[in-house]
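Novice:
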DNA sequence: ATTGCCTATGCAACTCGTTGCATAGCAGGA
DNA sequence: TCCTGCTATGCAACGAGTTGCATAGGCAAT
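Residue numbers (the working numbering), protein chains in the order written: chain A, 0 to 183; chain B, 0 to 183.
#1: State yes or no: is the beta carbon of residue 195 of chain B nearer than 7 Å to at least one beta carbon in chain A?
#2: Taking contact to mean 3 or more Cβ pairs, one atom from each stretch, closer than 8 Å, check whether the segment 120 to 129 of chain B and the segment 59 to 68 of chain A are in contact.
#3: Could you list the residues in the segment 35 to 57 of chain A with a C-beta less than 9 Å from some C-beta on chain B, going in chain order?
#4: According to the Cβ coordinates, are residue 82 of chain A and residue 174 of chain A closer than 7 Å?
#5: Which residue wins for smallest C-alpha separation from residue 155 of chain B, given the options A:80, A:147, A:29, A:93?
#6: Which of the three DSSP states, helix, strand or coil, is assigned to residue 55 of chain B?
#7: My understanding is that residue 170 of chain B touches residue 114 of chain B, with C-beta atoms under 8 Å, so please give their C-beta distance in whole angstroms.
#8: Please look up how many angstroms separate the CB atoms of residue 108 of chain B and residue 172 of chain B, rounded, as I've assumed it's under 8 Å.
#9: State the start and end residues of the unbroken alpha helix (DSSP H) segment that holds residue 170 of chain B.
#10: Start and end of the beta strand (DSSP E) containing residue 27 of chain A?
#11: Are residue 51 of chain B and residue 34 of chain B close, meaning C-beta to C-beta below 7 Å?
#12: Is the beta carbon of residue 16 of chain A closer than 7 Å to that of residue 28 of chain A?
#13: Along the chain, where does the beta strand (DSSP E) that runs through residue 67 of chain A open and close?
#14: Using 7 Å as the limit for Cβ to Cβ distance, is residue 136 of chain A near chain B?
#15: Leaving aside the five residues before and after residue 158 of chain A along the sequence, list all residues of the same chain whose C-beta is less than 8 Å from its C-beta, in chain order.
#16: Pull the bridge partners of residue 92 of chain B from the DSSP assignment, please.
#17: Between residue 3 of chain A and chain B, is any beta-carbon pair separated by less than 7 Å?
#18: Here's a check: name, in chain order, each residue in its chain whose Cβ is nearer than 6 Å to the Cβ of residue 39 of chain B, leaving out the five neighbours to either side.
#19: Is residue 15 of chain A helix, strand or coil when you go by DSSP?
#20: Short of 8 Å in beta carbon distance, which residues of its chain neighbour residue 129 of chain B, apart from the five on each side in sequence? Order them along the chain.
#21: Verify whether the separation of the beta carbon atoms of residue 71 of chain A and residue 53 of chain A is less than 7 Å.
#22: Around the C-beta of residue 149 of chain A, are 16 or more other C-beta atoms found within 10 angstroms, so that it is buried, or is it exposed?
#23: Name, please, each residue of chain B whose Cβ falls closer than 7 Å to the Cβ of residue 99 of chain A.
#24: Is there at least one Cβ from chain B nearer than 7 Å to residue 102 of chain A's Cβ?
#25: Listed in chain order, which residues of the segment 118 to 136 of chain A have Cβ atoms closer than 7 Å to some Cβ of chain B?
#26: Buried or exposed: where does residue 7 of chain B fall if 16 or more other Cβ atoms within 10 Å of its Cβ makes it buried?
#27: Could you tell me the distance, in whole angstroms, from the CA atom of residue 4 of chain A to the CA atom of residue 141 of chain B?
#28: What's the call for residue 86 of chain B, buried or exposed, on a 16-neighbour Cβ count within 10 Å?
#29: Using the C-alpha atoms, what's the distance from residue 36 of chain B back to residue 99 of chain B?
#30: Any beta carbon from chain A within less than 7 Å of residue 171 of chain B's own beta carbon?
#31: Any beta carbon from chain A within less than 7 Å of residue 87 of chain B's own beta carbon?
#32: Against chain A, does residue 0 of chain B count as a neighbour if the rule is that its beta carbon must be under 7 Å from one of theirs?
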């Protein structure tokens with residue numbers, strides 16, 4: 000339901016084609032909202048039919064034509080309405096937590112390499128966030144409103160990764176202790 | 000794909016009917032894996048057909064009959080296989096982050112009450128976690144392997160809520176600053 | 001008495017999201 | 001030269017998840 004709104008935000012920040020949006024979702028935005036190009040194309044067509052976005056065909060040489068979308072006034076006001084709507088239950092799917100509890104019925108040691116892989120992924124993501132922060136927000140005392148809001152979201156991502164790394168270390172210590180206590 | 004595995008873990012911890020599972024998912028397990036009764040009934044039937052779980056009809060007086068499921072050996076070994084499979088991309092859908100970035104194109108003050116509501120929800124959940132910890136793990140020095148693993152997952156939930164509360168305070172401070180700087 | 005809620009299971013229809021595949025021209029490397 | 005990969009859009013089929021509704025008896029309160 001909110002994919003439309005995520006696309007609107009992205010188009011308000013910068014107009015672009017479906018393909019460009021898909022790449023943005025793979026990179027920056029994808030860290031808090033994932034979407035494949037299929038979904039994006041489908042939703043863009045619906046949004047164009049509803050007048051939320053306007054499309055313009057752009058011929059390019061050396062590559063296929065593209066349709067550049069930008070947010071229309073109806074889209075902007077739909078976004079404002081959505082902003083004022085309450086809540087969302089935030090459905091969580093934490094597969095690793097299921098695996099950790101599942102390890103009680105199998106060998107805890109079998110999970111260690113999996114958790115280590117997760118740890119590496121989160122460490123790499125944290126490094127990317129910190130690098131992106133330095134690149135995009137070199138002067139934290141001179142941010143406009145849009146940048147302030149982007150940065151507070153980024154801070155959330157950074158803190159989430161730090162917390163997750165600490166927790167994964169805790170998980171690893173627990174698994175190793177259990178593996179040492181009762182070797183299979 | 001992993002709903003089967005979450006159900007297996009729950010049945011290994013304690014056999015139960017579809018209805019009971021649905022309630023467990025609403026409560027404890029639902030904090031890291033959500034599911035409605037519809038999904039659970041459907042998946043249970045498939046799992047029974049695959050021999051992953053065994054069902055037993057139990058007549059009750061004063062209430063409808065129920066089918067009590069328990070994990071079968073084939074289910075236990077499917078779970079062990081799954082435990083050894085690598086990764087999952089962990090698709091994230093963080094609606095509040097989209098809203099925060101959307102606020103740049105509307106009135107940041109309009110988001111404040113929404114964020115405050117979220118903050119209250121997370122504070123309540125943290126209190127529930129801490130209460131549950133005291134109830135279920137009164138003596139942290141005398142845990143068996145299963146409880147150790149349950150507790151490390153709970154610690155993750157507690158740390159996540161603490162981090163989220165701190166971040167939401169950061170978000171609120173930012174929104175209030177922006178609202179004061181440029182009143183609508 | 002009637003209303004509403006709880007246990008317990010299930011069907012049908014729908015939306016959302018994923019996967020595999022197709023097209024089509026251009027660029028770069030083995 | 002062939003193969004791979006990138007830009008750019010799209011169809012078709014499937015699977016996962018949600019929503020509304022149905023059944024059906026018992027309990028408790030109004």
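We put the CB at the ideal spot given by N, CA and C, even for glycine.
Specialist: In terms of the structure at hand:
#1: This structure cannot settle anything about residue 195 of chain B, because the visible part of chain B is limited to 0 through 183.
#2: no
#3: none
#4: no
#5: A:93
#6: strand
#7: 6 Å
#8: About 13 Å separates the two Cβ atoms, so there is no contact after all.
#9: 144 to 180
#10: Neither: residue 27 of chain A is in no beta strand (DSSP E) and is coded neither H nor E.
#11: No. Outside cutoff.
#12: no
#13: 65 to 70
#14: The C-beta of residue 136 of chain A comes no closer than 7 Å to any C-beta of chain B.
#15: Taken in chain order, the list of residues that qualify is empty.
#16: Residue pairing of residue 92 of chain B in beta bridges, as defined by DSSP: A:32.
#17: no
#18: 17, 20, 21
#19: strand
#20: Within the same chain, residue 129 of chain B has close Cβ partners 157.
#21: yes
#22: buried
#23: 148, 151, 152
#24: It does: the Cβ of residue 102 of chain A has a partner Cβ on chain B nearer than 7 Å.
#25: none
#26: buried
#27: 49 Å
#28: exposed
#29: 33 Å
#30: no
#31: yes
#32: no
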